[in-house]
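Step one of this worksheet: look at the structure below.
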Amino acid sequence: MGACMALCSIASCASCLCGSAPCLLSGCCPSTYNSTMSRLAFSFLLMLGTLVSVIMILPGMETQLKKIPGFCVGGTSIPIPGVENTVNCDVVVGYKSVYRMCFAMACFFFLFSIIMIRVRSSKDPRASLQNGFWFFKFLILVGITVGAFFIPDGTFNTVWFYFGVVGSFVFIIIQLILLVDFAHSWNQSWLENAEEGNSKCWFAALLSFTVIHYVLAFSAVVVFYIYYTTGDACTENKVFISLNFIFCIIVSIVAVLPKVQDAQPSSGLLQASVISLYTMYVTWSAMTNNPNRKCNPSLLSLVSNTTSPTVAPGQGVQWWDAQGIVGLVIFFFCTLYASIRSSNNTQVNRLMQTEEGHGMAADDHEAAKGDDGVRRAVDNEEDGVTYSYSFFHFSLFLASLYIMMTLTNWYQPDSTSQAMQSTMPAVWVKISSSWLGMALYLWTLLAPLILSNRDFN
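Residue numbers (mature numbering (1 follows the signal peptide of the UniProt record, and there is no 0)): -16 to -1, 1 to 441.
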């Protein structure tokens, strides 16, 4: 349903290029709220920019990208700030293109984040800018993108790399919060179905998925110890794996403690298993950025028993390793879920700056269908917004930075080998984000016990 609404929302924007009224809905899509349609449309713009970025680093695209004026001074090599030697243009042209495309998206969403500060309801004139004028917003994004490709190198790549590192750190936390919310909604929905009837099947399904998640997480730990801790130089990896494994055990135990269950009956092992599996993914993603190749084997090298590939001169920046692809899949899921989510989790709603979720009422379904039979999105924010416009755009701003770092594998140019290389700061950023994410999840479990005077229902 989410994909259908996403496609319909963009198709319908052609019919409301300049209007602030809710966009029309195709008859094939279910009725929905205007707030949901707007979030889907902005998410589509982010996905479109991501697709363009992926195309820019495909093999063979460096020939076309080098034709951009000023992009490859001298034709074969370019100077990089902070790097003693010049770097082969074929190596970094895709890297530079992705940086500029994501810079444009980040500027676009950051601009809207500033404009939408303290919008309280759809009666605010700025709300019409949020929910309409899609054609002009698309032109603004295109204009910023074109201008970004004329930014001189200077210190831009170096400075924007550190912006990407910090922004990606925060976005990884947001992804974990969204996964917590998804697991909570999933668990609550299936428990309600079990209470209504055929409880054995629903409880069996819950148990099955919980076991699968834990088996995958434990299997990942075993694989990590076998292949990512060989040699004396991999001490960091051993510490990372061990600590995160211990943290996963701790949060799983806390999730089923009697006092926690009394305070939050819907909490359980399903949420803890999802968080444990995600933590193992972040741990793996961090280890794949270890500059020491003995501690960082690629999946291809594990299967074919070959040396882990590097990005050599004459090759574009390649992101399509396993952790990059998995990262994009998780990113796509979290972005789509953030656009359509309607949560009853009070703590997550506070963290994500959203209101308690409600489904569409029967009257709203009737209002969504006009006299002409064409469905329209219902304006459900006349009395108050259901999500913070500003925070939503800030999340997409961080998502743009995360995409930039994912597609470039968190690489930086190396002066010695004239290739794109991993760096330890990327490893520490990912690992520390996993620790902070686990701490946030642990807080959602313990907060009702510690702050007993507050209502967390």
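Backbone N, C-alpha and C define an ideal beta-carbon position, used for all residues, glycine too. In this text, all values refer to a predicted model and were calculated from it rather than measured experimentally.
So, using beta-carbon positions, are residue i and residue j closer together than 8 Å?
i, j, result
"Tyr209", "Ile230", "no"
"Trp383", "Leu30", "For the record, residue 383 in the displayed sequence is Ala; it is not Trp. Yes, the pair counts as a contact, with Cβ atoms nearer than the cut-off."
"Glu366", "Ser173", "no"
"Ile101", "Ser374", "yes"
"Val38", "Leu320", "no"
"Ala88", "Ala25", "no"
"Val143", "Gln255", "no"
"Ser27", "Ser323", "yes"
"Phe315", "Arg23", "no"
"Tyr198", "Ser260", "yes"
"Tyr395", "Ser19", "no"
"Phe92", "Ile128", "yes"
"Ala204", "Trp268", "yes"
"Val369", "Tyr17", "no"
"residue 444", "Gly308", "Residue 444 falls outside the range modelled here, since the chain spans only -16 to 441, and no answer is possible."
Taking residue i as part of the alpha helix (DSSP H), name the residues at either end of that continuous run.
i, result
"Tyr146", "140 to 180"
"Cys279", "Neither: Cys279 is in no alpha helix (DSSP H) and is coded neither H nor E."
"Ala204", "183 to 211"
"Lys243", "242 to 247"
"Phe376", "373 to 391"
"Ile434", "408 to 434"
"Ala111", "109 to 115"
"Leu123", "118 to 132"
"Cys218", "Unbroken run through Cys218: none, as it is neither H nor E."
"Gly33", "18 to 40"
"Tyr395", "Premise fails: Tyr395 is in no alpha helix (DSSP H) and is neither H nor E."
"Val258", "253 to 271"
Is it buried or exposed for residue i, if we count other Cβ within 10 angstroms and need 16 for buried?
i, result
"Ile234", "exposed"
"Ser416", "exposed"
"Ala423", "exposed"
"Trp427", "exposed"
"Leu185", "Before going on, a small fix: residue 185 reads as Cys here, not Leu. Under this definition Cys185 is an exposed residue."
"Gly44", "exposed"
"Glu220", "buried"
"Ile434", "exposed"
"Gly151", "buried"
"Met408", "exposed"
"Leu429", "buried"
"Pro242", "exposed"
"Lys278", "exposed"
"Gly33", "buried"
"Val206", "exposed"
"Phe153", "buried"
"Trp303", "Confidence at Trp303 is low in this model, with a pLDDT of 49, below 50, so the placement of that residue should be treated as unreliable; the coordinate-derived value is given next. Flag for Trp303 reads buried."
"Phe145", "buried"
"Val223", "exposed"
"Ala239", "buried"
"Val313", "exposed"
"Pro432", "buried"
"Gly421", "buried"
"Ala188", "exposed"
Quick one: does the C-beta of residue i sit closer than 7 Å to a heavy atom of the ligand ZN?
i, result
"Ile225", "This structure simply doesn't include the ligand ZN, nor any ligand for that matter."
Rounded to the nearest angstrom, how far is the Cβ of residue i from that of residue j, given a contact under 8 Å?
i, j, result
"Val36", "Met85", "6 Å"
"Ala201", "Met271", "Actually they are not in contact, since the Cβ atoms of Ala201 and Met271 sit about 15 Å apart, beyond 8 Å."
"Val103", "Met40", "No, Val103 and Met40 are not in contact; Cβ-Cβ is about 34 Å, not under 8 Å."
"Asn228", "Ser418", "6 Å"
"Leu125", "Cys318", "Contact flag wrong, Cβ pair sits at about 21 Å."
"Asn280", "Ala217", "Contact doesn't hold; Cβ gap of about 11 Å is too wide."
"Leu49", "Val77", "5 Å"
"Asn177", "Lys80", "Not quite, the Cβ-Cβ distance comes to about 51 Å (not below 8 Å), so this is no contact."
"Ala167", "Val258", "4 Å"
Indicate whether the contact test is met: 3 or more Cβ pairs, each with one atom in the segment 168 to 185 and one in the segment 406 to 416, closer than 8 Å.
no
Using 8 Å as the cut-off, can you tell me whether the segment 157 to 170 makes contact with the segment 96 to 116, which would need three or more C-beta pairs spanning the two stretches below that distance?
no
Would you call the segment 247 to 254 and the segment 386 to 397 touching, i.e. three or more CB-CB distances under 8 Å?
no
With contact counted as at least three CB pairs below 8 Å, one residue from each stretch, are the segment 364 to 383 and the segment 188 to 207 in contact?
No: the two stretches stay apart, fewer than three of their Cβ pairs being nearer than 8 Å.
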